[in-house]
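> Protein chains in written order, with my numbering: chain A, 7 to 128; chain B, 13 to 167; chain C, 18 to 98; chain D, 5 to 102; chain E, 16 to 515; chain F, 103 to 608.
1) Since residue 68/C meets chain D, which of its residues come closer than 7 angstroms, beta carbon to beta carbon?
2) Closest by CA to residue 412/F, which one among 436/F, 488/F, 374/F?
3) Leaving out five residues before and five after residue 393/F in sequence, what residues of the same chain have Cβ atoms less than 7 angstroms from its Cβ?
4) Considering residue 145/B, what are the terminal residues of the alpha helix (DSSP H) in which it resides?
5) Thinking residue 93/C and residue 82/A are a contact (beta carbons under 8 angstroms), I'd like their distance in whole angstroms, please.
6) Hey, out of 416/F, 234/F, 426/F, whose CA is closest to residue 450/F's CA?
7) Can you find a C-beta in chain D that's less than 8 angstroms from the C-beta of residue 84/A?
8) Tell me the DSSP bridge mates of residue 41/D?
9) Where does residue 373/F land, buried or exposed, given buried means 16+ other C-beta within 10 angstroms?
10) Can you check which of these residues, 172/F, 328/F, 193/F, 396/F, is closest to residue 521/F by C-alpha distance?
11) Based on DSSP bridge pairs, tell me the residues matched to residue 165/F.
12) Can you tell me whether residue 119/F is buried or exposed? The criterion is at least 16 other CB atoms within 10 Å of its CB, across all chains shown.
13) Which class does residue 257/F belong to by DSSP, given the choice of helix, strand or coil?
14) For the stretch 148-161 of chain B against the stretch 80-100 of chain B, are there 3 or more C-beta pairs whose distance is under 8 angstroms?
15) Determine the closest residue to residue 70/B out of 52/B, 90/B, 80/B, with distance taken between C-alpha atoms.
16) Which residue's Cα is closest to the Cα of residue 274/F: 213/F, 245/F, 215/F?
17) Under 8 angstroms between beta-carbons, which chain A residues line up against residue 65/B? List them in chain order, please.
18) Cutting at 6 angstroms between CB atoms, please list the residues of its own chain near residue 145/B, excluding the five before and the five after it.
19) On the three-pair Cβ rule with 8 angstroms, is the stretch 295-311 of chain E touching the stretch 139-153 of chain E?
20) Looking at chain B, is there any beta carbon in it that lies within less than 8 angstroms of the beta carbon of residue 27/C?
21) Please list the terminal residues of the continuous alpha helix (DSSP H) segment that includes residue 91/E.
22) Where residue 161/F and residue 335/E are concerned, what is the direct C-alpha to C-alpha distance, given to the nearest angstrom?
23) From the DSSP output, read off the bridge partner residues of residue 76/E.
24) Can residue 322/E and residue 329/E be called in contact, C-beta distance under 8 angstroms?
25) Assuming the contact rule is C-beta atoms closer than 8 angstroms, residue 560/F and residue 202/F should be a hit. Round their C-beta distance to whole Å, please.
26) Going by DSSP in three states, residue 377/E sits in which element: helix, strand or coil?
27) Would you call residue 134/F buried or exposed, if buried means 16 or more other Cβ atoms sit within 10 Å of its Cβ?
28) Any C-beta of chain B within less than 8 angstroms: which residues of the stretch 67-93 of chain D qualify?
29) Taking the straight line between their C-alpha atoms, what separation do you get for residue 39/B and residue 29/B?
30) Can a CB atom of chain B be found closer than 8 angstroms to the CB of residue 49/D?
31) Taking the straight line between their C-alpha atoms, what separation do you get for residue 249/F and residue 519/F?
32) If contact is defined by three or more beta carbon pairs under 8 angstroms, each pair taking one atom from either stretch, is the stretch 25-32 of chain E in contact with the stretch 46-65 of chain E?
33) Quick one: what's residue 255/E bridged to in DSSP?
34) Look up residue 465/F in the DSSP assignment and say whether it is helix, strand or coil.
35) Tell me whether the beta-carbon of residue 475/E lies closer than 8 angstroms to the beta-carbon of residue 359/E.
36) Is it a yes or a no for the stretch 115-129 of chain F touching the stretch 142-149 of chain F, going by three-plus beta-carbon pairs under 8 angstroms?
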C-alpha cells in the first residue's frame, strides 16, 4: 500500500489539480476565474510530464564530470523537461491572449460575469 | 464597488509614472540588475539551467518594471512600443534564417553541422548554432512580452 | 523521506488552487495563483527539472503575475464566485 | 447542475486515476521512457540524449541541446507561438481610429 | 534538390511570411496582403509538387536538423499528408485572395495583424499535416489555435466573447491532447508517430495507452467540433469577420479531422481498435449525432453564417462517421468528404463574404433583393455549393456520401445509413430555404424598412468573385473526377493494416 | 452477349438538351432565338435517338462510357431496346411539347419564360439520360438531376400554393433519391455490379429473404415516388399547379414515366423475374399497384379540377404499367411497356387539351366546361380520342396495351388482377365520360361567345398526338416498331438473356 502511495501519489495529486482546474472552468461564472482554472489544467499536465522524467537516484540534466555519461540511469530524462519548456511558454502566451480578450470584453460590456454578459448581449 | 488602492498607476488608458518615489527609484535601479541577470542566464544556458527563453523573460521583466515604475511614456526611449512587434519578427527571422542558411549550405533545416566554418569541428558548430538561435529566441521573447504588456495597457 | 516533503508541497499546491478559485477578490486570487505556480516550480525543482522549474518560476510568478495584475487592474477586481 | 458537473468530473478523475495506476511508478528508471533500449532493442530517445548531447554539441546542458538542436523545430514553433501571442494582442486590442 | 525539402518548405514558408509581414507592413500596408497571397501560392505549388512526387516516387521523409527520427523531429509527406496539404493550401489561397477586399471592409486598420495571423494559422495547420512527431504536432496545434482564437476575436461586438469561449475550450482540448500524449509517451517511450505505432504492439498493459489515445481523441474532437464538443463553433464562426471565417471554417476542422485520422488509423492498429475497443464506435456515433443535431440547428438559424456554422458541425459529423467505420470505405469517405467539404464550405463562406461586402449583412429574412439579378454569379456559386452539400450528383458532395453509405452498408450499420439519409434531407431543407430567398420572388413584402438602403446594386468585385467561382467550378470537377482522385490519391494512403 | 459498339451518339443525344440550356439562358432577351434553341435541341435529340433505332432492331447495342464515377462504376450510357423505347417516347413528345409550350406560355403570358425553357431542357436531358443509362448509379445521377430540374417548373407560378407544392415535390423527390442511393449502394455491396442486365443480376447474391424484401422496398420507394405509387403519390396532384405543358410532359411523360421506367429497370434488369418470384416480391409490387389503380380511379371520380382529375387518372394508369411488370408474364410485361408509350400519347393529348382550355377560356374546373365542344371542336375531338383510349376502347392505342395487360393477367393465372383491370376500365369511363357529356351535350354558357380555338401552335400538336394515338392503335408497329421492341424486351427479360430482337429489323 505504502509502495503504491509512494509510487503514485504525484499522479493522484495531479489528477486532482487537473480536475479542480476543469471544475473551475466549468462552474465558475467569472471569466477571470475560468482563465485561472485553465492555467491550473495546464500546470497539472506539465507536472505530469515532469514526473515521468524522474528516476530514483539520478541527477539533474547538466553534465557532471564526476558521473559517467554512458550510464543513462545517472541522469534524469531530459526529453520531457525540454518538451515542457515549450509547453510552459505556450501556456503563458495563451494566458496573455486570454487576458487581451478579457480586456476587450470588459471594455465593451463593463463586466466579466458570464450571466451579466449574456444578459447585456440580448 | 469597493475602492481599492491601485498597486501601480495603471490608468484605464495608459500607465503613468508611479506616485511613490521608492518604486520609481527601485525600478530604475533594479532594471539594469535584472537585465544583467537576464543576459547571464541567456549566455550561460549552455552550462546551467537557463537559455534564450528565460533570459528573454528576464529582459522583458526589466523593461516592464521600468514601464510600471517610470510610466509608459517615459520609457519609450528604452523600448519604443512601435518597435516591439517588428523586433519580435526580427528575432524569429534570425532563428528561421539560421535554419534556411543551413539549407543553403546543403544540409537539412537547422542542421548547424554544415555551416561553412572550417575552423570549427561539428560539435562546436552545433554549440555556436545553438547560441545563435537563442539570440533570436531571446529577442522575440523579450520584445513580445513587452508588446503584450503594452497592448494590454494601451490597445 | 524527501517524498513526504513533496507530498506537503503538493498539498499546498492543491490548497492554493482551491483558494484561488474560491476567492472573491480577483487580485488575491491572482496572487494565490502565483503561489500555485511557485509551488509547481518547487515541485519541479524537487523532481530535478531545474530548467523547467526556473522557467516556471520566472513565468508563473513573473510574467503571468504581471499580466494577471494588469488585466485585473484594467478590468475589475471583484468576482461573484 | 453544479452537482452533475462535479459528478462527471469525479468519474473522470476516477478513470484517470485508474489508468495512471498502470503507468510506471514515479522514479522508475526502467520505464519505457527512461530506459536505454526499448522492447525492440533500439535506443530510446531520452537515454540517447543523455549519452550523446555532449559529444554532438559540446554543451553540457542536455536540455539546451535538445531544445535548440535535436528538437530545434519545436523551439522554432515555440518562438512563433510567442510571436503569435504578440501579434494576437495587437490584433485584438488595437483600437481603430474612427 | 528542392523536392527533398518540400515537407519542410510548406510550413516554413508560412512561418517566414508571418515574420516578414510585420516588417513589410512598415513599408507599405498593401504589401502584407500581397506577401500572404504569394506565400500561400508558393506553398500550394510546393504541396502540388510534393503530391506529384509522393504519388510517383514514394513518400518523403525530412529529418529536421539532420537527426534520425526517434531523436530528431521528422516531417513526413506521405499520400495522406500530401493530399491534405494540397487542399488546405489551395483553399487557403483562394480564401486569402478573396480576403483582400473583405479585410479592408471589415477589419481595416489591423490588416497587418490579420495577414500575419493568417500565415501563422496556415503554418500551424500545414505543420500539423506534415509533421511525423506527436509533440511537434502539439506545437503546431497551438500555433494554429492561437492564431484562430485571435482571428475570430475581431468582428461584430460579440466576437471577443465567442473567441474567449473558443480559447478556453481549445486550450482544454490541447491540454487533453498533451495529457493523453503523456500517457502514451510513458507507456511507449517515444514521440515519433511511426516509432510509437511500431512499438505499441509490445506494450503489455494497454489501458494507459487506450486512455491516452481517448484523451487525445477527446482533445482533437474539441478542435474538430465533434458533436457534444462543438459548442464553441457556432458563435465563433458567426461573430467573426467574414474573412476570418472563410479562412478558418473550411480548413481548421479538416486538419483536426486529419489528426484524428492519423491517430485512429496510423498510430494504432485500426482493426484492433475496432474489434477490441469501443473508440471507433463512439466516434462514429458522435459523428452521427452531430450530423443530425447540426442539421437541425442549422434549420433554425436566420443568420447565414450561423447556419453555415451549424452545417459545419453536421459535416464534421460525416467525417467522424467515416472515421468511426474504421474500414477502407469509411476512410475513403472521410478523406474525400474532408476535401469536398473544405471546398463547399469555403465557397459558401466566400459567397457570404460577397453578400456582406455588397449588402452589409447576411441575414436570411433580409435577403430580399433580387440577388438573382444583381449578384448572379455569387448566387450561382452558392447554388452549386448548396446542391453539392445536399449531395446531389454529379457534384462533389454526393460522392463522399456515397462512400460513407457504402461503408455503412458493408458493415450492416443501418443506423448510420438512416442518419446519412436523414441528414442529407435536412441539408436539403435548410439550403433550399436559402435558395428560395435567392431566386424566388418573396410572397410578402419585407417588414424591415432598412432593406432598401442595403440593396445590392452590383456583383462583387473580381478579386472576390474569381475565387468563389473557382471553388464552385472545383466542386463540379471534383465530382466528375472523384474516381480518379480516389484511385490515384486516396487508395495509396489507406493503411495496409486496414486490409482492402 | 450482344455485340456492343462504342458510339458517342447516345451521349450527344443526352447533351443536346443540356447544351441548349446555356444558349437559352444567354438569349433570354430575344424570345424567338430562345425558342429556336429549344426546338433545335428537341429536333437534334429526337433525330439522334431515332438514328439509333435500326441498329437496335438489328440486335446491336450501342454504349458509351463517359467517365468513371467510382472505382468499378462508370457513368455510362447504353442503348438497349428498353432504353431506346423510352427515349423515343420522350424525345419525340418533346418536339410536340415544345411547340405547344411556346404557344402556351405566350398565350398565357407567363413570367420568367427563360427559366421555364431552361428547366424544361434540363428535364428532358435528364430523362434521356435516365432512359439510356447503363447502370444503376448513372440512373440515379440522372434521376436526381431530373428531380432538381423539375422544381423550378413546379414553382413556376410563384404563388403560395405553388411554393407549397414545390417543397412537397422536392421533399418527396429528394427522399426518394436518397433511398435510391442507399439501395444502389446496397446493391453494389452485395453484387459489386450495377450494370442493368435483362433478367437481373441479383439472382445469385441475394440469399436472405428479409434482405431481399428490404432492398426491393427501398428500390420501389425510391422509384415509386416518381411513379406515383400509393401512398407516395400525393405530390403529383399538388404539382398540378405548374403550367399545363409542364404537367403534360413532366407529369404524364418524363417524370412519372421515369419512375415507372425505374420500376421496369429494377424489376426486370436488377432483380429479374426469377428472383422476384423466389422471394415473393412480385406479389408485393402487384398488390401495391392494384390498390393504387383502384383507389386512384375512385379518387379521380371526385375531382372537379380537370387537371387534378387527370393527375389521379395518371396515377392509376402508371400503376397499370407497374402491375403489368409485376405479373411476371411475357404478355403482361409487354403490355406494360406498350402502355408506357400509349398512355404517354393519350394522356399528353388530354393535358394539352386542358391547357388549351385554360389559355383560351381560363377554365380549370370540369363543372365549367359545358358546351365547349362547340367552341373548340378540334381540341375536344382530340380529348375524346384520349378519353376513349384510356378507357380501353378500340382502336385507340391504349386498347392494345390494356389488352396485353389483361392477357398477361390471365396467362399468369392471377385473375384477380384481370378484375382490377376491368374494374378500372369501367371507372375510367365513369370519370371521363361526364366530361365529354358536358362538353358536347350540354348548352354552353354566355361566357363562351366570341371564343374559338386556341392558337395553332397549340392545336396542331394536340391534333398530332391524337392522330398518333389513333395510328398506333391501328398499327401498333407503325413508325418506330414499338410493338416489336416491347415484345423483344419482354422476351429477353423473361428469358434472362439479351438479343432476341435480331431478325426483327425491317
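The beta-carbon is built from N, C-alpha and C at its ideal position, and this holds for glycine as well.
This is what the structure gives:
1) Listed along chain D, the residues sitting closer than 7 angstroms to residue 68/C by beta-carbon distance are 67.
2) Of the listed residues, the one whose Cα sits closest to residue 412/F is 488/F.
3) Only 332 meet the Cβ criterion.
4) Segment 134-166, the alpha helix (DSSP H) holding residue 145/B.
5) In fact, because the Cβ distance is near 43 angstroms, the residues do not count as touching under 8 angstroms.
6) Cα-wise, what sits closest to residue 450/F is 416/F.
7) Taking Cβ atoms only, chain D reaches closer than 8 angstroms to residue 84/A, which makes this a yes.
8) Paired residues: 47/D.
9) Buried: at least 16 other Cβ atoms inside 10 Å.
10) Checked all of 172/F, 328/F, 193/F, 396/F; the closest Cα to residue 521/F is 396/F.
11) Answer is 108/F, 180/F.
12) Burial state of residue 119/F is buried, judged by a 10 Å Cβ sphere holding 16 or more other Cβ atoms.
13) Correct three-state label for residue 257/F: coil.
14) Touching, yes, given that three or more Cβ pairs across the two stretches are closer than 8 angstroms.
15) That would be 52/B, whose Cα lies nearest to the Cα of residue 70/B.
16) Nearest option by C-alpha distance: 245/F.
17) By Cβ distance, chain A contributes 91, 95.
18) Excluding residues up to 5 positions away in sequence, 107, 110 lie with their Cβ nearer than 6 angstroms to the Cβ of residue 145/B in the same chain.
19) Contact between the stretch 295-311 of chain E and the stretch 139-153 of chain E is absent, with fewer than three C-beta pairs closer than 8 angstroms.
20) Taking a beta-carbon distance threshold of 8 angstroms, residue 27/C does not count as an interface residue toward chain B.
21) Element bounds for residue 91/E: not the alpha helix (DSSP H) but the beta strand (DSSP E), 89-92.
22) Each residue's alpha carbon lies about 50 angstroms from the other.
23) Its beta-bridge partners are 91/E.
24) Taking the C-beta atoms as reference points, residue 329/E is found no nearer than 8 angstroms to residue 322/E.
25) With 8 angstroms as the limit, residue 560/F and residue 202/F qualify as a contact, their Cβ atoms being about 5 angstroms apart.
26) Note: residue 377/E maps to coil in three-state DSSP.
27) Looking at its Cβ environment, which holds fewer than 16 other Cβ atoms inside 10 Å, residue 134/F is exposed.
28) Look at the stretch 67-93 of chain D: the residues with a C-beta under 8 angstroms from a C-beta of chain B are 67, 68, 69, 71, 72, 73, 76, 77, 79, 80, 82, 83, 84, 86, 87, 89, 90, 91, 93.
29) In this structure, the CA atom of residue 39/B is about 11 angstroms from the CA atom of residue 29/B.
30) Chain B contact via Cβ: absent.
31) Residue 249/F and residue 519/F: Cα-Cα distance of roughly 32 angstroms.
32) A contact exists between the stretch 46-65 of chain E and the stretch 25-32 of chain E.
33) As a beta-bridge residue in DSSP terms, residue 255/E pairs with 170/E.
34) Residue state, collapsed to three classes: coil.
35) Not in contact: residue 475/E and residue 359/E (Cβ atoms no closer than 8 angstroms).
36) Because the criterion of three Cβ pairs below 8 angstroms is met, the stretch 115-129 of chain F and the stretch 142-149 of chain F touch.
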